[in-house]
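Remarks on the structure that follows.
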Amino acid sequence: MAKQAVLLLAHGTPETVEQIPEYLRNVVSGRPLPQQVIEEIQHRYSLIGRSPLTELTMEQGRLVEAELGAGGDAVRVYVGMRNWRPYIPEVVRQMRADGVEEAAVICMAPQNSRTSVGLYRRAVEAEAAGLRIDFTEGWAQDPLLAEAFAERLRPALSKLSAEVGAPVPVLFTAHSVPCRTVQTPAAGESQPRHWPGEGADPYAQEAKRTAELVAERVAGIPKWWFAFQSQGASGGPWIGPTVEATLDAIAASGVKTLLLQPIGFLCDHVEILYDVDIAFRRYAVALGMRLERPESLNASRTLAKSVAGLARLGLVRLEVERAS
């Protein structure tokens, strides 16, 4: 019987403002960034104190491990980060040292962009050596994922609607990506580095589908929209519509109170604690709108059940492959 484990992958985040330059070099694979961009990111982190992404992902890993154990599967769950400590290569090497022979690998970014999620896969496979892996490509339509978001949205919607005396509409968001990473090139243009497979990138459609599945599960939403947030500072256009442009249109339609729920992020970090709680809220106030958001998934038991279910499927696939 092969020794199996689960590996969860996430973006990673530094512990201090002073670590931001090194962290950003990892994010952009060593490409130079303007000093003003570095200083702006440092400013954002200083306003929220710190990003809890790493510790929250570790907690999610513990919850998934407990969920697997409750189901009779004594499987260890490891957590690796692409852009900060614990780095994915270090964690994979530790797994091999621990005697792990097979691993179900799940990226804690449910909507699959082949270029971004592909970088996580490359990082694992570069250190895998004899470790056999099953990589979950995307899980945007997982029912328990949608239910986890719905569980957070229902009480927030009920509370805010009661406060204002009318049903409150919802804006769902996911992180934007550069247009070049998702567009199918025209004849003669270079092909984006999709990984694995070829063809159009599914990210935008998967993000919108997650929003649809959440909205279907929450009664009382009078209307909802979808937008992409947190466009980066790198060159070239990023996919939209942006949150800012969408807020402009929503305010112009007469909406005075709005709930914003990010459905592409599984825990609090700078894109929620700064981008949503500070920047978008400030932008909405300038438009005469009140903007609130539900609690992030963080230590959601339903999320843990979702990830544990994906892990079980991956481990079974490895068993079947080994037996064939």
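The working numbering numbers the first residue of the sequence shown as 2 and each following residue consecutively.
Backbone N, C-alpha and C define an ideal beta-carbon position, used for all residues, glycine too.
Span separating the alpha-carbon of residue i from that of residue j
i    : j    : result
P223 : G119 : 37 Å
E91  : G81  : 8 Å
Y46  : Q36  : 16 Å
P22  : I39  : 6 Å
A285 : R97  : 49 Å
G131 : A280 : 46 Å
E19  : E41  : 13 Å
I1   : M2   : Residue 1 cannot be examined here, being either before or after the span of the chain that is shown, 2 to 325.
Q192 : R313 : Its pLDDT being 44, under 50, Q192 is placed unreliably by the model, and nothing is read from it.
R218 : P33  : 44 Å
A104 : A324 : 16 Å
H176 : A212 : 13 Å
V244 : F229 : 6 Å
L146 : L154 : 13 Å
Y121 : A167 : 44 Å
W140 : L214 : 12 Å
Where residue i falls, given that 16 or more other Cβ within 10 Å makes a residue buried
i    : result
G72  : exposed
E322 : exposed
T17  : exposed
V165 : exposed
L246 : Strictly speaking, residue 246 in this sequence is Ala, with Leu absent from that position. By the neighbour-count rule (16 or more Cβ atoms within 10 Å), A246 is not buried but exposed.
E68  : buried
V1   : Residue 1 cannot be examined here, being either before or after the span of the chain that is shown, 2 to 325.
Q206 : exposed
P56  : Residue identity differs from the one stated: residue 56 is Glu in this sequence, not Pro. Classification for E56: exposed.
E293 : buried
R283 : exposed
G198 : With a pLDDT of only 42 at G198, under 50, the local geometry of the prediction cannot be trusted, and the value read off the model is given with reservation. G198 is exposed by the Cβ-count criterion.
S254 : exposed
D135 : buried
S114 : buried
Per DSSP, cross-strand counterpart(s) of residue i
i    : result
M59  : Paired residues: none, contrary to the question.
W226 : L172
I134 : A104
W239 : P179
A10  : With the sequence shown as reference, residue 10 is identified as Leu, and Ala is not the correct amino acid for it. In the DSSP output, where bridge partners are listed per residue, L10 has G81 and C108.
L263 : Note on residue identity: the sequence assigns Pro, not Leu, to residue 263. P263 pairs with T174.
Y88  : M82
For residue i, the three-state DSSP class (helix, strand or coil)
i    : result
V256 : coil
I21  : helix
P329 : There is simply no residue 329 to check, as the chain begins at 2 and stops at 325 in what is shown.
T211 : helix
M290 : coil
Y275 : coil
T303 : helix
V28  : helix
G315 : helix
Q232 : coil
K4   : coil
Inter-residue CB distance, residue i and residue j (contact presumed, cutoff 8 Å)
i    : j    : result
A124 : R86  : Not really, about 14 Å apart at Cβ, beyond 8 Å.
R94  : L319 : About 20 Å separates the two Cβ atoms, so there is no contact after all.
Q112 : V171 : With 8 Å as the limit, Q112 and V171 do not qualify as a contact, their Cβ atoms being about 18 Å apart.
V178 : W239 : 7 Å
A309 : V101 : Not a contact, Cβ separation roughly 17 Å.
G265 : T174 : 7 Å
Q142 : C268 : Contact doesn't hold; Cβ gap of about 20 Å is too wide.
M109 : L10  : 6 Å
Chain C contact for residue i (CB, 8 Å cutoff)
i    : result
G241 : Considering every chain present, this structure includes no chain C. It has just one protein chain.
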